[in-house]
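Chains as they are written, first to last, in my numbering: chain A, 589 to 875; chain B, 31 to 301; chain C, 5 to 291. For glycine and all other residues, C-beta sits at the position ideal for the given N, C-alpha and C.
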């Protein structure tokens, strides 16, 4: 049976109105269950409410209406805040603004130190976490000498060292170059597969969402779509309507279908597209 | 220019000096700074200079790095030297031309002061070159911990210090970036009088402040997410421990100090 | 006559300790007036160093940069002139906004050029129009704008200098698909309206492919490729070897070619891909 780790129950949240900024709900009537070990991508463009959703998962924000529970704990219960943050760690967008120390390994130790863990145990966890994200060789580096992707991996290690069950990445790839994005994606996928860590990946990059087990599309403060990448990207028109991208493989297959070529549905990756095209061509040649 | 400042720059290594307890290094550095002002003649100053030179040798920090740390204070050294040459009188007169009068005592005191400042800078640079900023702040925290009885939040202070050091390189990069961006828009940062130069800083300082506030805000969030409460229950991965070499250094220093006091008494003072 | 000529440009830097490193090495190129040149390469390939030479922010270690027929390092005046002939808009330009109002911020460049109020006003209005910043926003504080608006206002600040060459460094970095399409769209209309030269720096090949007339690829401080979009994309294998992310549809066609299908190699949009496949399939049928 699937165990729910994070649950949103009819959650709404509105930021306080500022000057020139009328009050508008950032998240409206959201119901969402995230299971332990799941790799879920939350896709949407700026202002869709996806970052607010992320901040609601570990009690940075508390819902105005409805309830968010993490491993059975209500995020609005102030006495549970630090227990919740031990379960759900968060990696932010700007790699520079979340590293607190001048040496990589000291930064990874920051979380466990805050939890009051004994020094020998911290040392063990820090080494393990750095090896997990393949940054062990850089443990004595100063953060400003690392690339963006490496900095984000250090931030991930900092969360791992706290032994959290779930990592929420709040647009953590938005400021990275393609190489850095790939590094972070590969790391996260490995942590999910090999260590069973639940991943909530907030992004506006469609190609990253495709790699998740499940995609939740946010639009206009609400959940717009929720399903496997195949289910979500099958409806190209619906995705395009809200200004998001669709994998070119899916789009190409769709265009061909509309031009009367019989090509199967459920195409997302280049490999699937190549196979499908080759089948059509071979069938043509035989016929 | 900003890039020349070496305070807070660590030179990684594993020399004896690197491995010394940071608390001892801080105490000895402070003691050194005090004692260099006790020196009254070239013999005691020579001993002090030799001490710092030997320490530098042991630390295996390249001479180039040490010279680099002297670059920003070169002007201060020259300025002090010139002041001493012209304003200290006594001894035999070397040059006399109109209102300028250079005496042997002036030259001596100029050299003396220059060596003093250089030794002082080299010694404090050695401290930061051989000690990582985190360890340094940890040591300061530990040295200041007696203040806790006065309800002073020593660990918060140490955290602030760590963060400040952490963001120095980030802010330097940021200043560079903003300056280039405004230069590309035709901002003239190099010419004009004092007032127009000060005005030219506005397009750099405002974006810098705004981005610093944003960083501070982000950082506070990130720290809270990692369960930072600023409380006293924090532990530390790296425990500091005094070892034989630390006491050795202390004893060595004390012997030198005693020697200097004796030398000061036996030989005439230069200044 | 080319508007920009770069001859054997090399730039080395060092900190006085370790041997000097070359940020760019022996680069020669010519940019014709009215072209849209895309400069592609991943972080550390030398892109930023190259473009900072084009407006005299960096001085070459060796080689020459000739802008509008004049060596920019000829005299102090020619350097300053180069700043105005070649307008450079840095990455994340919204972080350089500083004035009290949007109008004043856009006017900063033209003001530094010494124009009178009337001319400044004309230029600000034109630039604001190119980027779609309405007059109603002129008196607002730039810090009250939305993220996308800030980016566009900052771009307008450089456009208002009306440079003969406009260089945009990663103008779409960090933007979501909607923001990205808006900025790419405004670059296109700016070119159509003014006919001026644009240089676009990016690590995303997919986005620039649609706009560029020519592509320059930098790899490890050297010029790796310089040619038309089709020419560059037909060398897809080399591009992926350099760690650049070619569009998915290009990858699909690379695999189809490997599988022995007689398809063209310079495919980089879904539209081209569809037409190519339809040509192939229908051709097969009529046989």
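Below-8 Å beta-carbon distance, residue i vs any chain B residue
i, result
"residue 94 of chain C", "yes"
"residue 87 of chain C", "yes"
"residue 834 of chain A", "no"
"residue 7 of chain C", "no"
"residue 727 of chain A", "no"
"residue 682 of chain A", "yes"
"residue 117 of chain C", "yes"
"residue 162 of chain C", "yes"
"residue 732 of chain A", "yes"
"residue 764 of chain A", "no"
"residue 694 of chain A", "yes"
Between the CA atoms of residue j and residue i - distance to the nearest angstrom
i, j, result
"residue 35 of chain B", "residue 5 of chain C", "Reliability fails at residue 35 of chain B, whose pLDDT of 49 lies under 50, so the model's placement of it is uncertain and the value that follows must be treated cautiously. In a straight line, the C-alpha of residue 35 of chain B is about 46 Å away from that of residue 5 of chain C."
"residue 736 of chain A", "residue 763 of chain A", "8 Å"
"residue 259 of chain C", "residue 862 of chain A", "7 Å"
"residue 51 of chain C", "residue 227 of chain C", "10 Å"
"residue 653 of chain A", "residue 664 of chain A", "11 Å"
"residue 66 of chain C", "residue 12 of chain C", "7 Å"
"residue 853 of chain A", "residue 144 of chain C", "49 Å"
"residue 211 of chain C", "residue 103 of chain C", "31 Å"
"residue 873 of chain A", "residue 591 of chain A", "51 Å"
"residue 595 of chain A", "residue 733 of chain A", "39 Å"
"residue 841 of chain A", "residue 797 of chain A", "19 Å"
"residue 866 of chain A", "residue 593 of chain A", "43 Å"
"residue 249 of chain B", "residue 680 of chain A", "10 Å"
"residue 661 of chain A", "residue 239 of chain B", "39 Å"
"residue 597 of chain A", "residue 804 of chain A", "16 Å"
"residue 703 of chain A", "residue 746 of chain A", "12 Å"
"residue 192 of chain C", "residue 215 of chain C", "7 Å"
"residue 291 of chain C", "residue 836 of chain A", "Caution applies to residue 291 of chain C, whose pLDDT of 39 falls short of 50 and renders its modelled position unreliable; the model cannot decide the point."
"residue 771 of chain A", "residue 738 of chain A", "8 Å"
"residue 264 of chain B", "residue 700 of chain A", "9 Å"
"residue 108 of chain C", "residue 259 of chain B", "43 Å"
"residue 844 of chain A", "residue 851 of chain A", "7 Å"
"residue 277 of chain C", "residue 253 of chain C", "7 Å"
Nearest candidate by alpha-carbon position, reference residue i, set the options
i, options, result
"residue 43 of chain B", "A:704, A:729, A:685", "A:729"
"residue 855 of chain A", "A:871, A:847, A:822", "A:822"
"residue 22 of chain B", "B:133, B:129, B:200, B:104", "The question about residue 22 of chain B has no answer here: the residues shown for chain B are numbered 31 through 301."
"residue 678 of chain A", "A:708, A:741, A:807", "A:741"
"residue 642 of chain A", "A:787, A:777, A:702", "A:787"
"residue 112 of chain B", "B:72, B:135, B:167", "B:135"
"residue 273 of chain B", "B:49, B:39, B:41", "B:49"
"residue 46 of chain C", "C:34, C:63, C:174", "C:174"
"residue 193 of chain B", "A:690, A:784, A:749, A:793", "A:690"
"residue 647 of chain A", "A:846, A:614, A:676", "A:676"
"residue 298 of chain B", "B:71, B:65, B:220", "B:71"
Neighbour flag for residue i against chain A, beta carbons, 8 Å
i, result
"residue 211 of chain C", "no"
"residue 181 of chain C", "yes"
"residue 278 of chain C", "yes"
"residue 285 of chain C", "yes"
"residue 192 of chain B", "yes"
"residue 270 of chain C", "no"
"residue 195 of chain B", "yes"
"residue 282 of chain C", "yes"
C-beta neighbour in chain C for residue i, strict 8 Å
i, result
"residue 629 of chain A", "no"
"residue 213 of chain B", "yes"
"residue 208 of chain B", "yes"
"residue 61 of chain B", "no"
"residue 591 of chain A", "no"
Between the segment 228-259 of chain B and chain A, which residues of the former have a C-beta closer than 8 Å to a C-beta of the latter?
244, 245, 248, 249, 251, 252, 253, 254, 255, 256, 257, 258, 259
When you check each C-beta in the segment 844-856 of chain A against every C-beta of chain C, which residues fall closer than 8 Å?
844, 847, 849
Near-chain B residues of the segment 228-262 of chain C - C-beta to any C-beta below 8 Å:
none
If you pair each beta-carbon of the segment 278-285 of chain B with each one of the segment 53-61 of chain B, do three or more pairs fall below 8 Å?
yes
Using a Cβ-Cβ cut-off of less than 9 Å, give me the residues of the segment 69-90 of chain B that come near chain C, in sequence order.
none
contact_flag[the segment 85-94 of chain C, the segment 252-266 of chain C] where n(CB pairs < 8 Å) is 3 or more
no
Within 8 Å, do at least three Cβ pairs link the segment 110-124 of chain B to the segment 82-92 of chain B?
no
Counting only Cβ-Cβ distances shorter than 9 Å, please list the residues of the segment 148-161 of chain C near chain A, keeping chain order.
148, 150, 151, 152
Chain A contacts made by the segment 28-58 of chain C, where a contact means CB separation under 9 Å:
46, 47, 48
Three or more beta-carbon pairs under 8 Å between the segment 764-782 of chain A and the segment 610-623 of chain A, yes or no?
no
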